[in-house]
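To keep things clear, I will list the structure first and then write my remarks on it.
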């Protein structure tokens, strides 16, 4: 079934709505964390798992769901994912406890994992003209940035007027509209029963990811539980080793490691992961800082970090439109380098209390990340044959989720670790104040010396995490520049042919 031009763009809007929901739910809780901790009685560890349950489960299932989409049809996977996502959103909205909310977030991830590869695969098979497809994928990539950046705003607006469950309930009407539109617009389902879905590989990947998260979180906890650290490291090592070993043995693996011989594909994977690491990390620590230290409301903090989206949208759209002229190198490597400069400006602005410079830093960071992410998708999907569209789409989304997951696990834990390690409280202060700045503010009872000490320690954590963020982006710019050094304009969809 060949879609008309109008149908293709309407389909893009439909799958884009699904993608927007998925990316919103990655970041919508950043501004809601203080409220969740208060209303549900969630501990710091539970709060991080409320956020991390979603990307951990999604990243573990994404590789398998892409291949499953090849087998049962991407239209069917998109519709199934929407239904699961909508039902899980209702469950999350009315969760009575932190544990129930963590479980609901895990089910949300199942729906997102079914839906997300289908969004990109449907674009890949519906847009057959390369320049049109490049622009459509750029729009897709920009929605990833915009959704991640709008999450804190949407969360802030809803918390101003409603209870915390509204941040999940808002998904339901969007799911209903997207479901009806997909039934009308999506191309006929095109299953390939010869494809095999390997649940064992997905389980191995999940074990590796969960182990890695436990390892990072406990290593950055003070004091460390070394049994948990060792157990997490062991689970991560064994899970990922078994996964890689199994892929080499399968006739049709979830990940064909030979594809990474293509430098354009690899640069796209690296750029997507590093860009989402930067977005997730900067949003998490910035919203927390300005709410807890500067006294911003959730909405004000959300609007502040949305500056990243304002900076990213123009470069994301322009990147896709001009990719055929510029090639990947200036957009991916140059974009990550520009984002590095933006993070440095943010660090300087906070140290000098220059709010205007902070806004400029957020804009520059967004502009760089928008350019990189808009063409990272094209570099990944454009360098595999159509029969592997599901696998490529899965790799794309795994890169995004792994970047977000690592940012929350590493930078969120590091922020807490530096706070605990550097806080110097007045004598007689409750030990609870050493656990987190939220606890310190709760027990301060107006004691300005306790508040000042907690703020100073949190500022130390913010500075360290942002420096780490700048270093990671600089590494990403360097690695992708080396990968793409021989990659010129007009070659973004050709390099894979040599590998197969």
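Numbering (the working numbering), first residue to last: 51 to 550.
From the three backbone atoms N, C-alpha and C, an ideal C-beta is built for every residue, glycine too.
Note that the coordinates shown come from a computational prediction; the quantities given were computed from them, not determined experimentally.
Looking at the secondary structure, which residues open and close the alpha helix (DSSP H) in which residue i lies?
| i | result |
| --- | --- |
| residue 90 | It is not in any alpha helix (DSSP H) - residue 90 carries neither H nor E in the DSSP assignment. |
| residue 536 | Note, residue 536: premise wrong, no alpha helix (DSSP H); not H, not E. |
| residue 348 | 348-355 |
| residue 246 | Looking at the DSSP string, residue 246 is not in any alpha helix (DSSP H), and its letter there is neither H nor E. |
| residue 294 | 276-299 |
| residue 324 | 313-342 |
| residue 78 | Per DSSP, residue 78 belongs to no alpha helix (DSSP H) and is neither H nor E. |
| residue 151 | 148-176 |
| residue 479 | Unbroken run through residue 479: none, as it is neither H nor E. |
| residue 427 | 405-431 |
| residue 225 | 221-235 |
| residue 303 | Unbroken run through residue 303: none, as it is neither H nor E. |
| residue 388 | 378-402 |
| residue 458 | Premise fails: residue 458 is in no alpha helix (DSSP H) and is neither H nor E. |
| residue 125 | 124-143 |
| residue 308 | Taken as a continuous stretch (DSSP letters only), residue 308 belongs to no alpha helix (DSSP H), as it is neither H nor E. |
| residue 474 | Looking at the DSSP string, residue 474 is not in any alpha helix (DSSP H), and its letter there is neither H nor E. |
| residue 487 | 487-494 |
Alpha carbon to alpha carbon, how far is residue j from residue i? Give it in angstroms, no decimals.
| i | j | result |
| --- | --- | --- |
| residue 160 | residue 169 | 15 Å |
| residue 186 | residue 193 | 11 Å |
| residue 336 | residue 289 | 33 Å |
| residue 212 | residue 459 | 29 Å |
| residue 461 | residue 76 | 15 Å |
| residue 531 | residue 230 | 43 Å |
| residue 536 | residue 311 | 14 Å |
| residue 209 | residue 219 | 12 Å |
| residue 37 | residue 118 | Beyond the ends of the chain as shown, which are 51 and 550, falls residue 37; an answer cannot be given. |
| residue 134 | residue 324 | 29 Å |
| residue 544 | residue 264 | Low per-residue confidence applies at residue 544: pLDDT is 45, beneath 50, and the placement is therefore not dependable, though the value from the model is reported in the following sentence. C-alpha separation (whole angstroms): 40 Å. |
| residue 500 | residue 470 | 14 Å |
| residue 542 | residue 378 | Residue placement at residue 542 is poorly supported in this model, since its pLDDT is 47, which falls under 50; the coordinates are not used for a value here. |
| residue 397 | residue 516 | 7 Å |
| residue 399 | residue 385 | 21 Å |
| residue 300 | residue 331 | 36 Å |
Mind checking whether residue i and residue j have CB atoms under 8 Å apart?
| i | j | result |
| --- | --- | --- |
| residue 148 | residue 235 | no |
| residue 158 | residue 139 | yes |
| residue 308 | residue 426 | no |
| residue 101 | residue 201 | no |
| residue 166 | residue 305 | no |
| residue 233 | residue 163 | no |
| residue 412 | residue 357 | yes |
| residue 106 | residue 455 | yes |
| residue 125 | residue 243 | no |
| residue 393 | residue 519 | yes |
| residue 65 | residue 136 | no |
| residue 421 | residue 365 | yes |
| residue 114 | residue 251 | yes |
| residue 555 | residue 334 | Residue 555 is absent from the structure shown; the chain starts at 51 and stops at 550. |
| residue 109 | residue 452 | yes |
| residue 348 | residue 215 | no |
| residue 329 | residue 238 | no |
| residue 255 | residue 286 | no |
| residue 493 | residue 483 | yes |
Thinking residue i and residue j are a contact (beta carbons under 8 Å), I'd like their distance in whole angstroms, please.
| i | j | result |
| --- | --- | --- |
| residue 505 | residue 343 | 5 Å |
| residue 551 | residue 510 | Outside the modelled stretch of the chain, which goes from 51 to 550, sits residue 551, for which no answer is possible. |
| residue 40 | residue 414 | In the structure displayed, the chain extends from 51 to 550; residue 40 sits before or after that span and is not available. |
Please classify residue i as buried or exposed, where buried requires at least 16 neighbouring CB atoms within 10 angstroms.
| i | result |
| --- | --- |
| residue 99 | buried |
| residue 547 | Confidence in residue 547 is poor, its pLDDT being 38 and thus under 50, which makes the residue's placement too unreliable to answer from. |
| residue 303 | buried |
| residue 267 | buried |
| residue 62 | buried |
| residue 550 | The pLDDT assigned to residue 550 is 37, lower than 50, so where the model puts this residue is not dependable; a value taken from the coordinates is nonetheless given after this. The residue in question, residue 550, is exposed, as its Cβ has fewer than 16 Cβ neighbours within 10 Å. |
| residue 223 | exposed |
| residue 390 | buried |
| residue 173 | buried |
| residue 402 | exposed |
| residue 183 | buried |
| residue 466 | buried |
| residue 340 | buried |
| residue 508 | buried |
| residue 338 | buried |
| residue 217 | buried |
| residue 521 | exposed |
| residue 221 | buried |
Is there at least one Cβ from chain D nearer than 8 Å to residue i's Cβ?
| i | result |
| --- | --- |
| residue 201 | Reference to chain D is not applicable here, since this structure consists of a single protein chain. |
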